[in-house]
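As numbered in the working numbering, the sequence shown has no gaps in its residue numbers, which increase by one up to the final residue, 421. Here is the structure we will look at.
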Amino acid sequence: MGSELGSAALTHRFAVALVLGPALAAAVAGAVLALSLSGRAALGEQIAASPCGEVSAVVAPLLFPGIAVTVVVLPSLVALCVELVRALHGGTVSGLALAAAIVAAVPLGAAAAESAVRLVRRAEAWALVGSACLGAAWLACGAALGAAPAGPLGVVASGLDRSLPGSIGLAVSGVTAVCAGALWLALAASRPAPRTLRRSRPVSSRHGSRHPVAVAVVLLLVRRDDVRIGASATVGFGVLGLVGATVADAPAPSPFLLASTTALLGSILGSLAVCGALLPGCWLWRGGGQGLTRLGGLAALAGLSLTAVPVAAIGTGAWLVSGTSWSAAGAVGVLVVAGSACGLAAGAVVPWRRETLGDQVATFAAFAALAVAASITVGVVAPRLVALGVPGFVVGSLVCGGSFVVATPVVVRRLGAPVT
């Protein structure tokens with residue numbers, strides 16, 4: 002991304018798009034994790050029946066996974082933002098402010114998701130008015146800074162184009178993160194119970210039950226609430242990213258990169274959830290006459306499909322609206338395949354279980370660690386191959402193929418482990 006964006010003039014609109022892109026991606030992650038929260042039931046029957054406060058019930062399953070995510074992700078995020086801003090001729094403090102804005106977007110996305118849950122389940126007048134007032138205040142604050150969608154985080158964009166000191170953006174991002182985190186905790190601790198729905202009719206197949214394994218795995222995944230929520234967030238935030246970059250008049254391929262990478266972080270849930278979805282009935286899959294190697298390969302293919310399809314849809318729309326270069330499209334394609342492989346491996350190491358939020362955060366931490374290791378490996382090997390005269394598309398193909406060669410055996414090993 003640095004090579005693609007480094008030649009562009011760092012105007013204020015471009016700086017706004019640079020802040021909105023990763024912030025929207027972080028908001029996707031926060032929204033998905035917040036909607037996956039299972040509350041007191043995840044603590045077990047004994048603790049759930051104890052006089053444990055609601056806030057403690059929310060914080061308890063997140064404490065150690067959150068520490069793990071912070072230790073793994075935060076140093077890499079800070080290094081990435083600082084180096085990216087330096088490549089765009091910005092300062093170190095502005096890079097730190099960009100990293101803080103991305104961190105602040107996580108509880109912002111979680112708070113937005115909790116507000117949506119409250120409105121859907123209760124439709125309370127005060128919640129509707131409060132959400133409208135907060136949204137209007139956010140847009141008004143952003144409009145005063147020349148970046149309406151970014152709200153107060155528009156100060157970070159002003160720091161990137163050097164119209165304001167970067168230290169102001171760093172301070173505002175920190176305050177925003179604290180306030181958004183407190184708001185999310187308050188909303189999550191008082192989440193209303195779901196409404197009683199009509200019993201749905203059982204799904205029957207008119208053509209028998211003999212589906213290809215990959216199709217069956219995809220159907221199993223898309224029927225999960227967390228995967229459907231992640232897909233919805235992917236499309237919504239991807240469209241918001243495209244609109245924000247277009248309104249900001251960011252030069253190509255910035256809108257394409259912004260929309261597609263934002264969509265990727267949400268759609269990666271499809272790969273993360275593959276092993277977690279198959280493990281409860283793994284004995285049935287193994288007894289169906291499918292070899293473990295073939296089953297693992299088809300499961301990997303299903304995870305890649307669920308990750309790639311939303312990104313392809315959003316990316317195609319961004320390409321038609323704003324245009325892009327073939328090199329940017331190829332880079333996003335490599336990110337999708339390599340990210341899906343990292344998600345499959347992470348979901349095999351720490352299976353994604355929808356009833357336990359702590360396990361989901363731990364899966365995200367494993368994914369972040371594998372993604373960092375993969376990026377370091379590619380960063381060391383790929384430039385040397387290019388220097389030897391290997392064409393770029395061949396290097397990208399090697400990265401995609403190598404990532405799945407590594408990830409598929411990990412999935413096969415997990416599916417072949419004794420059922421517990």
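Idealized CB from N, CA, C, for every residue including glycine.
If you measure between the beta carbons of ALA114 and SER174, is that distance less than 9 Å? no
Whole-number beta carbon distance between THR263 and VAL29, since they are thought to touch under 8 Å: 7 Å
Residues in the same chain with beta-carbon distance under 7 Å from ALA366, minus the five sequence neighbours each way, listed in chain order, please. PRO66, ALA69, VAL70, VAL73
Can you tell me where the alpha helix (DSSP H) with LEU471 in it begins and where it stops? One cannot answer for residue 471 here, as it falls past the ends of the chain, which runs 2 to 421.
Does any CB atom of chain C fall closer than 9 Å to the CB of VAL156? The structure shown has no chain C; it contains just one protein chain.
Check for me: the alpha helix (DSSP H) holding TRP185 runs from which residue to which? 167-190
Among the candidates GLY31, SER191, SER77, VAL156, whose CA atom is the shortest distance from the CA of SER57? SER191
Measure the alpha-carbon distance for ALA339 versus THR409 and round it to whole angstroms. 12 Å
Smallest Cα separation from LEU222: which of ALA111, HIS13, LEU109, ALA300? ALA300
Euclidean distance between Cα positions of SER272 and ALA383: 25 Å
In the structure shown, what three-state DSSP assignment does THR12 receive? coil
Is the beta carbon of LEU81 sitting closer than 9 Å to the one on CYS276? no
Mapping the DSSP letters down to three states, classify THR71 as helix, strand or coil. helix
Please report the distance separating the alpha-carbon of ALA172 from that of LEU129. 30 Å
Candidates VAL17, ALA105, LEU19, VAL33: which alpha carbon is nearest GLN361's? VAL33
Please list the segments of the alpha helix (DSSP H) lying wholly inside the region 317-386, counting only runs of 4 or more residues, in order along the chain. 327-350
Anticipated Cβ contact below 8 Å, VAL312 with VAL337, distance rounded: 5 Å
When you compare the CB positions of VAL411 and LEU345, do they come within less than 9 Å of one another, or not? yes
Local conformation of LEU302 per DSSP, three classes: helix
Are the region 13-26 and the region 130-150 in contact at 8 Å, needing three or more beta carbon pairs? yes
Neighbour-count burial assignment, PHE394, 16 or more Cβ in a 10 Å radius: exposed
Should SER255 and GLY160 be called a contact, given that it needs their Cβ atoms to be closer than 9 Å? no
May I ask you to report which of helix, strand or coil DSSP gives ALA148? coil
From ILE377 to VAL391, what does the alpha carbon distance come to, in whole angstroms? 19 Å
PRO76, DSSP secondary structure in three states: helix
Can you tell me whether ALA232 is buried or exposed? The criterion is at least 16 other CB atoms within 10 Å of its CB, across all chains shown. buried
Hey, could you find the ends of the alpha helix (DSSP H) LEU159 is sitting in? Correcting the residue type first, residue 159 is Ser in the shown sequence and not Leu. Unbroken alpha helix (DSSP H) run through SER159: 155-161.
Might you give, ordered along the chain, the residues of its own chain that have their beta carbon closer than 8 Å to the beta carbon of GLY331, omitting 5 neighbours on each side? GLY393, PHE394, GLY397
Among residues of its own chain, excluding the 5 on either side of ALA112, which ones have a beta-carbon nearer than 7 Å to its beta-carbon? ALA181, LEU184, TRP185, LEU188
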